[in-house]
Amino acid sequence: NTEQEELEEYFKDS
Amino acid sequence: MFEARLVQGSLLKKVMEAIKDLLNEASFDCAHSGILLQAMDNSHVSLVSLNLRKEGFDKYRCDRNIVMGMNLTSMSKILKCASNDDIITMKAQDSADTVTFVFESPNQEKVSEYEMKLMNLDQDQLGIPETEYCCIIKLPSGEFARICRDLSQFGESIVISCTKEGVKFSAAGDIGTANIKLAQTGTVDKEEDAVIVDMQEPVTLTFSCKYLNMFTKATPLSPQVCLSMSPDVPLVVEYKIGEIGHIRYYLAPRIGD
Numbered sequence: 041n042t043e044q045e046e047l048e049e050y051f052k053d054s
Numbered sequence: 018m019f020e021a022r023l024v025q026g027s028l029l030k031k032v033m034e035a036i037k038d039l040l041n042e043a044s045f046d047c048a049h050s051g052i053l054l055q056a057m058d059n060s061h062v063s064l065v066s067l068n069l070r071k072e073g074f075d076k077y078r079c080d081r082n083i084v085m086g087m088n089l090t091s092m093s094k095i096l097k098c099a100s101n102d103d104i105i106t107m108k109a110q111d112s113a114d115t116v117t118f119v120f121e122s123p124n125q126e127k128v129s130e131y132e133m134k135l136m137n138l139d140q141d142q143l144g145i146p147e148t149e150y151c152c153i154i155k156l157p158s159g160e161f162a163r164i165c166r167d168l169s170q171f172g173e174s175i176v177i178s179c180t181k182e183g184v185k186f187s188a189a190g191d192i193g194t195a196n197i198k199l200a201q202t203g204t205v206d207k208e209e210d211a212v213i214v215d216m217q218e219p220v221t222l223t224f225s226c227k228y229l230n231m232f233t234k235a236t237p238l239s240p241q242v243c244l245s246m247s248p249d250v251p252l253v254v255e256y257k258i259g260e261i262g263h264i265r266y267y268l269a270p271r272i273g274d
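Sequence lines, in order, name chains A and B. Add 40 to a position in the first sequence, counting from 1, and you land on the number used in this note's numbering. Add 17 to a position in the second sequence, counting from 1, and you land on the number used in this note's numbering.
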């Protein structure tokens, strides 16, 4: 699921 | 020793209603400054961030930081045993494996104590980046809940489009299409009835109806909700929790709709 990946990436990048 | 006493115990009951459908379990990080909870929902599609400041409690003591992993289904069962006008206290010893909930009736004639086992949760440390949002929309929370509910009859997604004129919510599906436009309000008697749009750039994004509807479970916490949007970053749906803190939900935009 791409939305899941986007969200995880957004919060992990910080 | 950790102890947090809230005269307006109903707020804690409402917080539980606002998170229990999204999270099965979560860690409550208790520190000197207050209580924080940050967790991805069960399907990792949204993130819940809860902040309860110590100043909002009638009594707050936290000698050393503790992380309390709680099963929210169990916690919800326990909080259902509290009446709406009960005073609620949460307390735990520093290295305890249980948390105690104390419910006092306003006249102190009934005092109930419930002890719940804590869990060891291995949760990812997540950081929420500082983001400048292109559009910040404030609207009555009941109105937002109504829009999400009404549009969910049309499709699985809601398109939120914000311009300087106002905000438009749309959905499309087998039965047809739906469009709801809210204009910025002029002067209103009550601040909570206002629709306020603070826009730097117009933004249009698509979100899952199911999740927006789950976020609206927080409606009883606050008469207003704040939506923050920028292209390609998660939407933030924020409800204030009285004077005590806030709950924020983050939801990634739908891709390829």
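Virtual Cβ for every residue (Gly too), placed ideally from N, Cα, C.
Candidates the options: closest to residue i by CA position
i                  : options                                       : result
His-263 of chain B : B:Met-18, B:Val-32 and B:Arg-22               : B:Val-32
Ala-35 of chain B  : B:Val-176, B:Ala-162, B:Tyr-77 and B:Ile-83   : B:Ala-162
Ile-177 of chain B : B:Phe-171, B:Gln-170, B:Met-107 and B:Ala-188 : B:Ala-188
Ile-154 of chain B : B:Ile-145, B:Ser-247, B:Ile-258 and B:Asp-58  : B:Ser-247
Ser-82 of chain B  : B:Asp-46, B:Asp-103 and B:Ser-91              : It is Asn, not Ser, that sits at residue 82 of chain B in the sequence shown. The candidate whose alpha carbon is nearest that of Asn-82 of chain B is B:Asp-46.
Thr-148 of chain B : B:Gln-25, B:Ser-50, B:Val-62 and B:Val-250    : B:Val-250
Tyr-267 of chain B : B:Ala-99, B:Thr-233 and B:Gln-241             : B:Thr-233
Asp-75 of chain B  : B:Arg-265, B:Thr-106 and B:Ile-95             : B:Thr-106
Leu-28 of chain B  : B:Ser-100, B:Lys-134 and B:Met-216            : B:Ser-100
Tyr-131 of chain B : B:Gln-142, B:Gly-86 and B:Val-116             : B:Val-116
Cys-179 of chain B : B:Met-216, B:Gly-203 and B:Ile-192            : B:Met-216
Glu-260 of chain B : B:Val-24, B:Leu-252, B:Phe-19 and B:Asp-191   : B:Val-24
Asn-137 of chain B : B:Leu-252, B:Thr-236 and B:Asp-114            : B:Asp-114
Ser-239 of chain B : B:Asp-210, B:Thr-221, B:His-49 and B:His-61   : B:Asp-210
Asp-7 of chain B   : B:Gly-26, B:Pro-237, B:Lys-181 and B:Ala-235  : Nothing can be reported for residue 7 of chain B, as the shown portion of chain B is limited to 18 through 274.
Pro-237 of chain B : B:Met-18, B:Ile-258 and B:Arg-22              : B:Ile-258
Asp-191 of chain B : B:Ala-200, B:Ser-174 and B:Lys-181            : B:Ser-174
Straight-line gap, residue i to residue j (C-alpha atoms, nearest Å)
i                  : j                  : result
Glu-208 of chain B : Glu-218 of chain B : 25 Å
Ser-129 of chain B : Ala-56 of chain B  : 30 Å
Arg-271 of chain B : Thr-223 of chain B : 5 Å
Asn-230 of chain B : Val-214 of chain B : 21 Å
Gly-159 of chain B : Tyr-256 of chain B : 12 Å
Cys-226 of chain B : Cys-165 of chain B : 7 Å
Asn-196 of chain B : Phe-171 of chain B : 10 Å
Asp-206 of chain B : Ser-93 of chain B  : 37 Å
Pro-157 of chain B : Ser-112 of chain B : 42 Å
Glu-46 of chain A  : Ala-269 of chain B : 7 Å
Gln-142 of chain B : Gln-125 of chain B : 41 Å
Asp-139 of chain B : Leu-89 of chain B  : 15 Å
Ser-122 of chain B : Lys-97 of chain B  : 14 Å
Glu-48 of chain A  : Lys-127 of chain B : 46 Å
Arg-78 of chain B  : Thr-194 of chain B : 53 Å
Ser-169 of chain B : Asp-80 of chain B  : 46 Å
Leu-53 of chain B  : Lys-198 of chain B : 35 Å
Val-84 of chain B  : Leu-40 of chain B  : 17 Å
Glu-43 of chain A  : Gln-241 of chain B : 27 Å
Within chain A, partners of residue i - CB distance below 7 Å
i                  : result
Val-24 of chain B  : None at all; the shortest Cβ gap to chain A is about 34 Å.
Pro-251 of chain B : Leu-47 and Tyr-50
Collapsed DSSP secondary structure at residue i in the structure displayed
i                  : result
Asn-137 of chain B : coil
Asp-210 of chain B : helix
Asp-111 of chain B : coil
Thr-106 of chain B : strand
Leu-39 of chain B  : coil
Thr-117 of chain B : strand
Thr-223 of chain B : strand
Met-18 of chain B  : coil
Ala-269 of chain B : coil
Ala-162 of chain B : helix
Contact list for residue i against chain A, beta-carbon separation under 8 Å
i                  : result
Ile-177 of chain B : None at all; the shortest Cβ gap to chain A is about 15 Å.
Ala-269 of chain B : Glu-43, Gln-44, Glu-46, Leu-47 and Tyr-50
Contacts of residue i in chain A (Cβ-Cβ under 9 Å)
i                  : result
Ile-272 of chain B : Thr-42, Glu-43 and Glu-46
According to a CB-to-CB cut-off of less than 7 Å, which residues of the region 141–158 of chain B neighbour chain A? Within the region 141–158 of chain B, the qualifying residues are Leu-143, Gly-144, Ile-145 and Pro-146.
Contact set between the region 62–73 of chain B and chain A, restricted to residues whose Cβ is under 8 Å from the partner: Residues passing the 8 Å Cβ filter: Val-62, Ser-63 and Leu-64.
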